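Participant: Structure in structure tokens, see below.
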Amino acid sequence: MYKSKIGIMDNVLLNARRIIEGLRMMFYYKMALIGFFIVCAVTIIAIAAPLIALRRYDETNVADRLKPPSSEYPFGTDDLGRCIFSRVIYGSRIALMVGLIVMLIEASIGVVLGLIAGYYGGIADKVISAITDIIWALPPLVLALGIVIIIGPGLLNVVAAIAIVSWPPFTRITRAKVQSLVNREFILAARAIGENNFNIIVRYILPNVLSPIIVLATLTIPSAILSTTALSFLGFGAQPPTPDWGAMLAEGRDKMIYAPWITTFPGIFIVITALGFNLLGDGLRDMLDPKLKI
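Each step along the sequence shown adds one to the number in the numbering used here, with nothing skipped, and position 27 is 39.
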């Protein structure tokens with residue numbers, strides 16, 4: 013019991029040292045550091061939305077409709093008198109939630125299929141590769157739009173549609189990495205000592221393919237946010253009064269001349285959030301790729 017506790021503490025300390033080392037390395041990659049701070053800021057805003065927002069996102073006041081930015085309404089109001097600032101702040105929750113859920117679904121499907129195709133090869137590899145090529149050949153946003161039209165609008169339907177059509181990159185990257193590992197000495201040694209295929213995949217192969225998966229997952233989140241925003245802008249995503257950034261853009265597109273703040277501030281937050289994740293993903297790629305390290 014005492015030895016097991018020591019072993020657990022050693023693992024905890026080792027992981028803590030790795031995290032500290034990763035954060036220290038990030039200071040050598042300025043763009044990654046900027047992206048990290050942007051992502052942290054957006055995450056804090058999303059978590060603390062009830063504390064930061066001045067009003068409820070669905071609170072209407074017709075007497076204050078279409079007011080420009082002021083001390084009372086920092087981002088102005090829309091045509092129903094709703095506070096744009098509060099709606100943008102609460103919208104960060106939806107954006108991050110959508111990005112994370114889509115990324116987790118894509119990674120789960122893509123990594124599992126990539127592991128199977130790369131490790132077993134043969135017919136399994138041919139079938140999975142063919143399906144991956146077919147889905148990848150189709151424009152993902154158009155395919156997601158077709159699925160949403162069939163199953164109906166709604167935020168959950170949009171999330172499911174985007175995830176269903178966007179997993180091929182995970183499969184391709186995982187498959188290629190597994191194929192480069194499957195005949196390495198440590199895999200052959202694991203087979204020689206009687207390890208079954210499941211243990212070999214989970215214990216020896218999966219940890220060695222996590223680096224490119226983590227980078228791709230980071231870059232997938234902004235893509236998911238932008239795709240969801242596009243479908244919401246077309247009216248297939250979150251339905252009113254949900255404060256979705258894409259829906260807010262759609263609500264203000266016919267008022268750009270006399271009330272540009274309705275679309276300006278959600279658009280700025282969309283750009284900043286996507287930029288933050290992209291910078292962080294590029295930085296992680298540079299940090300985790302030995303060929304690109306300083």
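A virtual CB, placed ideally from N, CA and C, is assigned to each residue, including glycine.
From a predicted model like this one, the values you see are computed outputs, not experimental measurements.
Just grab the DSSP bridge partners of residue 52 for me.
Facilitator: For residue 52, which the question treats as bridged, DSSP gives no partner whatsoever.
Participant: Can you confirm whether the segment 86-96 touches the segment 265-274 when touching is taken to mean that 3 or more C-beta pairs between the two stretches lie within less than 8 angstroms?
Facilitator: Under the three-pair Cβ rule at 8 angstroms, the segment 265-274 counts as touching the segment 86-96.
Participant: Should the segment 221-231 be called in touch with the segment 154-172, which here means at least 3 C-beta pairs below 8 angstroms?
Facilitator: no
Participant: Thinking C-beta only, is residue 295 closer than 8 angstroms to residue 43?
Facilitator: yes
Participant: Are the CB atoms of residue 65 and residue 101 within a distance shorter than 8 angstroms?
Facilitator: Yes, Cβ-Cβ distance for residue 101 and residue 65 is below 8 angstroms.
Participant: Taking 7 angstroms as the limit between beta carbons, can you name the residues of its chain near residue 230, skipping five residues before and five after?
Facilitator: Exclusion of the five residues before and after residue 230 leaves 289, 292, 293, 296 as the residues of its chain whose Cβ lies within less than 7 angstroms of its Cβ.
Participant: Please report how far the alpha carbon of residue 175 lies from the alpha carbon of residue 115, in whole angstroms.
Facilitator: 7 angstroms
Participant: Grouping DSSP H, G and I as helix and E and B as strand, with all else coil, what is residue 89?
Facilitator: strand
Participant: Looking at C-alpha atoms only, which residue of 198, 262, 222 is the closest neighbour of residue 120?
Facilitator: 222
Participant: Which residue from 153, 162, 157, 122 puts its Cα closest to that of residue 140?
Facilitator: Of the candidates 153, 162, 157, 122, the one whose C-alpha sits nearest the C-alpha of residue 140 is 122.
Participant: So residue 245 is in the alpha helix (DSSP H); what residue range does that whole segment cover?
Facilitator: Here the alpha helix (DSSP H) through residue 245 covers 222-245.
Participant: Span of the alpha helix (DSSP H) holding residue 264?
Facilitator: For residue 264, the enclosing alpha helix (DSSP H) has its first and last residue at 257-264.
Participant: Assign residue 145 to one of two classes, buried (16 or more other C-beta atoms within 10 Å of its C-beta) or exposed (fewer than that).
Facilitator: exposed
Participant: Does the count of Cβ pairs from the segment 104-111 and the segment 125-133 closer than 8 angstroms reach three?
Facilitator: no
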